[in-house]
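Engineer: Pasting in a structure now, in structure tokens, and then I'll have a few things to ask.
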Amino acid sequence: MGEFVRVESADGVATIRLDRPKMNALNAQVQREIADCARQVDADPGVHAVVLYGGERVFAAGADVKEMADMPYAEMSAHSSVLQDCFTAVAEIGKPVVAAITGYALGGGCELALCADVRIAGESARLGQPEILLGIIPGAGGTQRLPRLIGPAKAKDLIFTGRQVTAAEALEIGLVDRVVPDADVHTEALAYAARFAGGPAAALRAAKRAIDHGLEADLDTGLEIERLAFSGLFATDDARIGMRAFAEKAQAKFTGR
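Residue numbers (numbering that gives the first Met the number 0): 0 to 256.
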């Protein structure tokens, strides 16, 4: 557990909670703590799904501009590698990850949300990549994950203009998957994540990796990734449990093995 980021677990669901008042600015320490928490929940067999949450007021307002403003090129070159590695640690959690977005998710905050598998936003949430307004571009995955999610044209619009979008527009363009009342964001995210508690952990991990890695390959390579993952699951107890339960018209009780 870090100073600004902690893991709260209950009933198979872990919440990675950002808590750096007032706006959850993502300085280097917060970035490292996020990566540490991501690796912790990924390795914990008792965690079946993960929620990213910044609290009731704000998800994350972005990188700490004051920290970056005076960095020379050589220092930023090294720092940017660490920054991307921290966010990649979240994207590589081998379990379903839900971003519970309240208030602002801007710059690095938006990029953190992009590392999740599902994004649930409050009605007053605002998302965007405003880096261009500072004379720079997104550096934590925005130019890569955003167009993969919403398409290059819409991504270019957001990145070129630096404009913020409302939760309603984010839903329309596919940047978020669900919009709920602000007070219900965390509860809805936990409820969605709870669906995977006690689920077939190996199959969920395989499905996530097949989708993510397949998107970065041509179709034939993607199909081979899928085939290998599919056939490999027949070595798991869960596959036998699930198919036996189907044949017997019973509820499968997966073990995660």
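Backbone N, C-alpha and C fix where the C-beta goes; we use that ideal spot for every residue, glycine too.
This one's a predicted model, so the numbers in the text were calculated from it and none came from an experiment.
(1) Thr235: which of Lys207, Glu215, Asp211, Ala200 sits nearest, CA to CA?
(2) Using three-state DSSP, classify Thr220 as helix, strand or coil.
(3) Rank Asp18, Ala99, Leu51 by C-alpha distance to the C-alpha of Ile92 and give the top, closest one.
(4) Tell me whether the segment 187-196 and the segment 216-231 touch, counting them as touching only if at least three CB pairs, one residue from each stretch, are closer than 8 Å.
(5) Hey, quick one: how far does the beta strand (DSSP E) through Ser8 stretch, first residue to last?
(6) Give a yes or no on contact between the segment 177-184 and the segment 96-113, applying the rule of three or more CB pairs nearer than 8 Å.
(7) DSSP three-state label for Ala201, please.
(8) Please tell me whether Pro129 and Gly107 are closer than 7 Å, where the distance is taken between their beta carbons.
(9) Return helix, strand or coil for Ile119, following the three-state DSSP convention.
(10) Quick one: grab the DSSP three-state call for Ile273.
(11) Distance check for Phe58 and Gly11, CA to CA, integer angstroms please.
Structural biologist: From the atom records:
(1) Against the sequence shown, residue 235 aligns to sequence position 236. For the residues Lys207, Glu215, Asp211, Ala200, the minimum Cα distance to Thr235 belongs to Ala200.
(2) Here residue 220 refers to the residue found at position 221 of the sequence shown. If DSSP states are grouped into helix, strand and coil, Thr220 belongs with the helices.
(3) On the sequence shown, residue 92 is found 93 positions in, with the first residue counted as 1. Checking every option, the nearest Cα to that of Ile92 belongs to Leu51.
(4) no
(5) Position 9 of the sequence shown, counting from 1, holds the residue named residue 8. From DSSP, the beta strand (DSSP E) with Ser8 extends over 4-9.
(6) yes
(7) On the sequence shown, position 202 is the one that residue 201 refers to. Of the three classes helix, strand and coil, the one that applies to Ala201 here is helix, per DSSP.
(8) Reading the sequence shown from its first residue, position 130 is the one you call residue 129. Reading the sequence shown from its first residue, position 108 is the one you call residue 107. Cβ distance not < 7 Å, so Pro129 and Gly107 don't count as in contact.
(9) For the purposes of this step, residue 119 is taken as the residue at position 120 of the sequence shown. In this structure, Ile119 counts as strand in the three-state DSSP scheme.
(10) Beyond the ends of the chain as shown, which are 0 and 256, falls residue 273; an answer cannot be given.
(11) Working through the sequence shown from its first residue, we reach residue 11 at position 12. Working through the sequence shown from its first residue, we reach residue 58 at position 59. About 23 Å.
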